[in-house]
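Have a look at the structure below, then the notes.
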Amino acid sequence: MIWVVFAVLTGLAAIGVLWPLSRARGASSDGDTAFYRSELAGIDTDLQRGLVSESDARAMRAEAARRLMRTEGAREDNAATSGTTWRRRIAALASIVIIGGVSLGLYARIGNPDVPDLPLEARRQAPPDTPDLMMAIARIEAHLAKNPDDGRGYEVIAPVYLRLGRYDDAAKAWANVVRTLGASPMRETSLGEALVFAANGHVTPEALAAFQRALALAPQFQQARFYIGLAAAQAGDKTRARDIWTKLVAEAPVDAEWAGVVRERIRELGLPEADASADGRPSSEAGQAIAALPDADRDTAIRGMVANLAARLAQDGRDGNGWAMLIRAYMVLKQPDDARAALAQARKALADDNEARARVEAMASELGLGG
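So this is what it looks like as structure tokens:
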């Protein structure tokens, strides 16, 4: 195991640092002592020969004697401290053993040597918040294991599963949302969508049933209608898929980004265009005439049409599709306050028509006006 190799290398490094500190300072050898003694004898010989004076000889003897005493003292100190040196060595080796043992013991208790390493490329590609996200998911999962009827918890974690590619888990979570919180167009459609992703893009019977339940609650719910068209295309009914998608594009807001995807799907069917053009432009003569006007005149004409529609609904407000068109038109014209006012009026006018009111509520939810 690599941790054993690391431990051995750490011990060797510690020995390399501590061992020199445990060594005693070296003393002079016997050769040094003999040299100083021969130096004293040489001074006496030089004095007898008259090469040095008596006073110089005394000074030279004193200096040689001092060096000789230092040498002898070092020898005695070395002999006295030899036992201390070995104690220092033993203490150093014990420190190495104790430090290494304690470190390995702590790691074995609080570490996890069996966790595989994370390659550098994987660390580079991982999102910065992945560890926090994984911990949050683990906490939610633990909570749901203890509280299996917490629909809000499932509703929080289901989109996260979908984003992480855990499509089966997302489908189970959305099924639990519907079970605990009840069905809605968005919840049923989200359940069906997760089932489609789990089936590699194929609309399974279970997914189709979820989309149909969503449309039963809100017949104009766009996301469910798209998948109904996809199911028809996968079943070989290209004409029905074209009609569904063409109508969907025709009713799309002007700035809807998803409309381009649906248009591409229509072109892939390889069929002639339906009554409404695939790019969402109005097919009526009045609509085409308005589209041909200059920008300023076209805006005035559109606002006039919206005003006429609002006036008609004020007299007879039982037209659910008309209210949905009016609310969308106000949002396209950047008049959210008017859209909210129209939504409030529609709720009152359609109080006795649950189906029409559901269509309006679905439209409002898509546009961010629900509540």
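So for the sequence shown, the working numbering puts the first residue at 48; every next one is plus one. Glycine residues also receive a C-beta, built at the ideal position from the N, C-alpha and C atoms. As the structure is a prediction and not an experimental result, all values here were calculated from the model.
Backbone CA spacing between residue i and residue j [nearest angstrom]
{"i": "Arg234", "j": "Ala183", "result": "23 Å"}
{"i": "Glu202", "j": "Val55", "result": "52 Å"}
{"i": "Glu253", "j": "Leu242", "result": "8 Å"}
{"i": "Val296", "j": "Glu311", "result": "11 Å"}
{"i": "Asp366", "j": "Ala403", "result": "8 Å"}
{"i": "Ile204", "j": "Ile187", "result": "7 Å"}
{"i": "Ala279", "j": "Ala388", "result": "38 Å"}
{"i": "Glu413", "j": "Ala371", "result": "11 Å"}
{"i": "Ala361", "j": "Leu277", "result": "38 Å"}
{"i": "Ile291", "j": "Gly229", "result": "27 Å"}
{"i": "Asp384", "j": "Ala303", "result": "20 Å"}
{"i": "Leu416", "j": "Ala282", "result": "35 Å"}
{"i": "Ala246", "j": "Tyr208", "result": "15 Å"}
{"i": "Asp216", "j": "Asn223", "result": "11 Å"}
Reference residue i; option with closest CA among the options
{"i": "Met410", "options": "Ala271, Asn355 and His190", "result": "Ala271"}
{"i": "Gly198", "options": "Ala279, Leu211 and Lys219", "result": "Lys219"}
{"i": "Pro195", "options": "Pro266, Trp221, Asp179 and Leu318", "result": "Trp221"}
{"i": "Gly307", "options": "Arg287, Lys285 and Phe273", "result": "Phe273"}
{"i": "Asp284", "options": "Ala358, Glu86 and Leu316", "result": "Leu316"}
{"i": "Gly364", "options": "Met107, Lys381, Met378 and Ala393", "result": "Ala393"}
{"i": "Arg108", "options": "Tyr214, Asp91 and Arg96", "result": "Asp91"}
Cβ shell of residue i (< 6 Å), same chain only, five flanking positions each side left out
{"i": "Ala376", "result": "Val353"}
{"i": "Leu356", "result": "Leu373"}
{"i": "Arg287", "result": "Ala279"}
Reduced DSSP secondary structure (H/G/I, E/B, other) of residue i
{"i": "Thr293", "result": "helix"}
{"i": "His190", "result": "helix"}
{"i": "Glu298", "result": "coil"}
{"i": "Leu380", "result": "coil"}
{"i": "Glu419", "result": "Because the chain spans 48 through 418 in this model, residue 419 falls outside it and cannot be assessed."}
{"i": "Pro195", "result": "coil"}
{"i": "Val250", "result": "coil"}
{"i": "Asp93", "result": "helix"}
{"i": "Glu304", "result": "coil"}
{"i": "Arg213", "result": "coil"}
{"i": "Phe244", "result": "helix"}
{"i": "Phe258", "result": "helix"}
{"i": "Asp385", "result": "helix"}
{"i": "Ser100", "result": "coil"}
Residues near residue i by beta carbon distance below 7 Å, same chain, minus five either side
{"i": "Pro232", "result": "Ala261, Leu264, Ala265, Phe268, Ala271 and Ala409"}
Cut-off 8 Å between Cβ atoms - residues of its own chain near residue i, not counting five sequence neighbours on either side
{"i": "Asn401", "result": "none"}
{"i": "His190", "result": "Asp197 and Gly200"}
{"i": "Pro175", "result": "Any reading at Pro175 is ruled out, since the residue's pLDDT is 49, under 50, leaving its predicted position unreliable."}
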